[in-house]
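Contents: one structure, followed by commentary.
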Amino acid sequence: GEDVEQSLFLSVREGDSSVINCTYTDSSSTYLYWYKQEPGAGLQLLTYIFSNMDMKQDQRLTVLLNKKDKHLSLRIADTQTGDSAIYFCAASGGYNKLIFGAGTRLAVHP
Amino acid sequence: DAGITQSPRYKITETGRQVTLMCHQTWSHSYMFWYRQDLGHGLRLIYYSAAADITDKGEVPDGYVVSRSKTENFPLTLESATRSQTSVYFCASSVGGVVGDTQYFGPGTRLTVL
Numbered sequence: 389g390e391d392v393e394q395s396l397f398l399s400v401r402e403g404d405s406s407v408i409n410c411t412y413t414d415s416s417s418t419y420l421y422w423y424k425q426e427p428g429a430g431l432q433l434l435t436y437i438f439s440n441m442d443m444k445q446d447q448r449l450t451v452l453l454n455k456k457d458k459h460l461s462l463r464i465a466d467t468q469t470g471d472s473a474i475y476f477c478a479a480s481g482g483y484n485k486l487i488f489g490a491g492t493r494l495a496v497h498p
Numbered sequence: 190d191a192g193i194t195q196s197p198r199y200k201i202t203e204t205g206r207q208v209t210l211m212c213h214q215t216w217s218h219s220y221m222f223w224y225r226q227d228l229g230h231g232l233r234l235i236y237y238s239a240a241a242d243i244t245d246k247g248e249v250p251d252g253y254v255v256s257r258s259k260t261e262n263f264p265l266t267l268e269s270a271t272r273s274q275t276s277v278y279f280c281a282s283s284v285g286g287v288v289g290d291t292q293y294f295g296p297g298t299r300l301t302v303l
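Protein chains in written order, with the working numbering: chain G, 389 to 498; chain C, 190 to 303.
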């Protein structure tokens, strides 16, 4: 079945760019998602990309998709302390089932 | 209007007891989902429901029971709780089951089984 992997931790300085990476195994995944989880809260959809796209930009967020390598990344420009959270990559696994990675904890320091 | 809510937010129980976690959504979404979140595993799908009275197993259904008599409610029952079921449980809903339909998540229930 589908497997999604992410690095577990990323630390960046405030104002720098953050890049969170994700790899997935099922090349038939149609949609790939990024969710954000703040402490004590549920998951909030940040953005998603359709598998026939290479890039999607939404304000400070840029998603890059390399279908050949099954690699997805999320770039956050001008990272702020409010961006500190856990970021989950997810791949569509048939119908509307989502397969999640373990999450990347982003720590932003001054 | 709260959207999607879960209750209780925190629960401590003992091994062997029955526990029911509640999920309620106000959007009349057709699809509802239960996930568990464990360190190192991300979120794993337990059960999902396409409509009232239609449910199906996800990745990790063993030890759990669901029902959906009304569109807005999707309770998850642990019939005889085990320590391995200590986790954070998230409920989610989406308009439909088409790939790409956004799933909206509740705030979660942290369950501890002693």
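For every residue, glycine included, the Cβ atom is placed at its ideal position computed from N, Cα and C.
As the structure is a prediction and not an experimental result, all values here were calculated from the model.
Secondary structure of residue i, DSSP reduced to three states
i: S395/G; result: coil
i: R257/C; result: coil
i: Q274/C; result: helix
i: S405/G; result: coil
i: Q195/C; result: strand
i: T291/C; result: coil
i: T413/G; result: coil
i: L300/C; result: strand
Under 7 Å from the C-beta of residue i: neighbouring residues of chain G
i: F263/C; result: Residues of chain G passing the Cβ test: none, with the nearest at roughly 15 Å.
Under 8 Å from the C-beta of residue i: neighbouring residues of chain G
i: H230/C; result: A490
i: P296/C; result: G428, A429 and G430
Identity of the residues DSSP links to residue i by a beta bridge
i: S283/C; result: Y220/C
i: A479/G; result: L420/G and I487/G
i: L267/C; result: V208/C and Y253/C
i: L494/G; result: L398/G and A473/G
Under 8 Å from the C-beta of residue i: neighbouring residues of chain C
i: F397/G; result: Under the 8 Å cutoff, chain C gives no residues; its nearest Cβ is about 12 Å from F397/G.
Under 9 Å by beta carbon: chain C residues contacting residue i
i: L433/G; result: T291, Q292, Y293 and F294
Whole-Å CB distance - residue i paired with residue j, under 8 Å assumed
i: Y253/C; j: I235/C; result: 5 Å
i: Y278/C; j: G192/C; result: Their Cβ separation, rounded to whole angstroms, is 17 Å, which puts Y278/C and G192/C out of contact at 8 Å.
i: T271/C; j: V302/C; result: 6 Å
i: C280/C; j: Q195/C; result: 5 Å
i: S395/G; j: S480/G; result: Not really, about 22 Å apart at Cβ, beyond 8 Å.
i: S256/C; j: P250/C; result: S256/C to P250/C, Cβ: 13 Å. No contact.
i: F438/G; j: Y421/G; result: Not quite, the Cβ-Cβ distance comes to about 11 Å (not below 8 Å), so this is no contact.
i: H213/C; j: S283/C; result: Going by Cβ atoms, the distance from H213/C to S283/C rounds to 15 Å, so no, they are not a contact pair.
i: R463/G; j: V407/G; result: 5 Å
i: F222/C; j: Y199/C; result: Going by Cβ atoms, the distance from F222/C to Y199/C rounds to 21 Å, so no, they are not a contact pair.
Kindly provide the ranges of any beta strand (DSSP E) runs that are 3 or more residues long and lie completely inside the region 416–476 of chain G, ordered along the chain.
-> Taking only runs of at least 3 residues, the beta strand (DSSP E) segments lying wholly in the region 416–476 of chain G are 419–425, 431–438, 443–446, 449–454 and 459–464.
4 or more residues per run - each alpha helix (DSSP H) lying fully within the region 200–264 of chain C = You should have found no qualifying run.
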